[in-house]
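S.K.:
Number of protein chains: 2
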Amino acid sequence: MTARIDVTDRKILAELQRDAGQSLDEIARQVGSSKTPVWNRIRKLREAGVIGQQTMVLDAEALGFEACFFVLIRTSEHEADWQAKFLKALRDRPEVQEAHRLAGDIDYILKVRVQNARAYDVFYQALISEVKVHNVTALLSMEEIKSTTMLPLES
Amino acid sequence: MTARIDVTDRKILAELQRDAGQSLDEIARQVGSSKTPVWNRIRKLREAGVIGQQTMVLDAEALGFEACFFVLIRTSEHEADWQAKFLKALRDRPEVQEAHRLAGDIDYILKVRVQNARAYDVFYQALISEVKVHNVTALLSMEEIKSTTMLPLES
DNA sequence: GATGAAACGATCAACAT
DNA sequence: ATGTTGATCGTTTCATC
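Sequence lines, in order, name chains W and D. Here the first sequence stands for residues 1 to 155, numbered as in the numbering used here. Here the second sequence stands for residues 1001 to 1155, numbered as in the numbering used here.
Have a look at this one:
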């Protein structure tokens, strides 16, 4: 299933996640190879789904998204169709940037990025009116110390 | 300070975060403009810091990062130099993908991506030996329902 | 894995509105 | 001031060795 990913592949991936804008020549130089083999590897990694979306990371604050909440959710419902409905609600709401189902006491965690506290409340009210949840705790971020999607690929 | 960002800028940004690989011509067509003005706007947004890193999002699981933890941290220390040391520790550790300072009861939340539970323990032991923390709760992700850095820019 | 050719895209200057 | 055109240059893509 999973294609074998060797040291050169990992170096290429490390470069691509660091700066997806650089040219093949630059990447080839960094990984100690040349254009064509690098290009073929990238194509294969893309086909295998190892490489996903290519995006520009934007400055949330500059665009008016000044509030960020982490939301801890406990629920008493664990039937399949409740879950399907809940997951769909999360996937459909663009303010939800992350959603994970957890092991243990707390069932779900969300990261929600909104304009301000009032916009969070609108989101919250809409969510709880759509699906029943037992307990919700919102943690308000005061400062984003770090935020990256980069994986440490130096192995 | 913050440059005015108009509707066209927002449309361009929406396209760039959706797919940073598309050509200027495509973007221009999508936003109803043409190449040069779009290019000038992108340059300005880049200079203003609204556009940050250009990256490829990789499949963490395919690369062997099979465990993801959210870590809730309480501390009793609130002096400036403790904080500086703590923040530096977080920024220096590549397994920390997100770190936020919070309002309220819990002081910090981290998102930590590692190979497996044992690698998390190594990280945890290293962190608490570097800086004193009062209380740590780790939430283990069982399923990544959603993960994006995209901001909802349809305003 | 290297070479090179053809298609394509970015960048910028000169021009037009 | 802002949009349009096109020339130039670099890059990607792919066939061939």
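Note that beta-carbon positions come from the ideal geometry of N, C-alpha and C, so glycine has one too. Every value quoted in this text rests on a predicted model; they were computed, and no experiment measured them.
#1: Any idea what DSSP makes of W:Leu-90, helix, strand or coil?
#2: From which residue to which residue does the alpha helix (DSSP H) around W:Arg-18 run?
#3: Would you mind giving the Cβ-Cβ distance between D:Leu-1072 and W:Leu-102, rounded to the nearest angstrom? I have them listed as a contact below 8 Å.
#4: Strictly below 7 Å CB to CB, what residues from chain W border D:Lys-1146?
#5: What is the rounded straight-line gap between the Cα of D:Ala-1084 and the Cα of D:Lys-1132?
#6: Select from the stretch 1127 to 1152 of chain D all residues with a C-beta closer than 8 Å to any C-beta belonging to chain W, and list them in chain order.
#7: Alpha carbon to alpha carbon, what distance is there between D:Arg-1018 and D:Glu-1026?
#8: Taking just the CA atoms, how far does W:Glu-66 sit from W:Glu-15?
#9: Distance, Cα to Cα, D:Gly-1049 vs W:Asp-59?
#10: Leaving out the 5 sequence neighbours to the left and right, which residues in its chain are closer than 8 Å to D:Gln-1030 when beta-carbon positions are compared?
#11: Looking at the C-beta of W:Asp-59, does it have a partner C-beta in chain D at a distance below 7 Å?
#12: With a threshold of 7 Å between beta-carbons, can W:Ala-67 be considered close to chain D, or not?
#13: Measure the beta-carbon distance from D:Ala-1089 to D:Glu-1130 and round it to whole angstroms, keeping in mind my assumption that it falls under 8 Å.
#14: Along the beta strand (DSSP E) that carries D:Val-1114, what are the first and last residues, could you check?
#15: Within this structure, are the beta carbons of W:Val-112 and W:Glu-95 separated by less than 7 Å?
M.R.: Reading it off the structure:
#1: helix
#2: 7 to 18
#3: With 8 Å as the limit, D:Leu-1072 and W:Leu-102 do not qualify as a contact, their Cβ atoms being about 12 Å apart.
#4: Leu-90, Arg-91, Val-96, Glu-98 and Ala-99
#5: 13 Å
#6: Leu-1139, Leu-1140, Ser-1141, Met-1142, Glu-1143, Glu-1144, Ile-1145, Lys-1146, Ser-1147, Thr-1148, Thr-1149, Met-1150, Leu-1151 and Pro-1152
#7: 13 Å
#8: 31 Å
#9: 7 Å
#10: Lys-1011 and Glu-1015
#11: yes
#12: no
#13: 5 Å
#14: 1108 to 1114
#15: yes
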